[in-house]
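The sequence shown lines up with residues 1096 to 1191 when you count with this note's numbering.
Every residue, glycine too, gets a C-beta built ideally from N, C-alpha and C.
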Amino acid sequence: MKVPDVCEGGSRRANIETIKETIDKNPEAVVVALGVEALIACRKVGVEPIFFGAREVCVESAHHGCDVIVVCTESLIDDLLRRLMEENIVFEIKPC
């Protein structure tokens, strides 16, 4: 899930309800946050995501069959997508 960068409004412009609904629909998923704006958006919905090492946790969790919800600051998404494609991990991007 993509969150705007701070210069674009950050977590204030993110659709917190969409993030909450996505996480609530899959309570078993590993939730990670890439970027401070994403971390704050997760905290606004009452979720404390994995923040440090989030990209690696995302990849390793997916390889082990876990569902992963990534809340990612927009400026960091290209690097994440590149890594997911290198690892042949199927993903879906949701704006929030």
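Distance between VAL1127 and GLU1182 (C-alpha atoms, nearest Å): 17 Å
Distance between GLU1187 and SER1156 (C-alpha atoms, nearest Å): 16 Å
First and last residue of the uninterrupted beta strand (DSSP E) at ILE1164: 1163 to 1168
Residue-level contact to chain D via CB, ALA1109, 9 Å cutoff: Among the chains in the structure shown there is no chain D, since it carries only a single protein chain.
6 Å Cβ shell around GLY1145 - same chain, five flanking residues per side excluded: The sequence given here places Ile at residue 1145; Gly does not occur at that position. Correct list, in chain order: VAL1127, VAL1152.
Span of the beta strand (DSSP E) around ALA1136: Segment 1131 to 1139 is the alpha helix (DSSP H) holding ALA1136; no beta strand (DSSP E) there.
Option in ILE1164, ASP1100, ARG1150 with minimal Cα separation from ASP1174: ARG1150
Delimiting residues of the alpha helix (DSSP H) encompassing MET1180: 1172 to 1181
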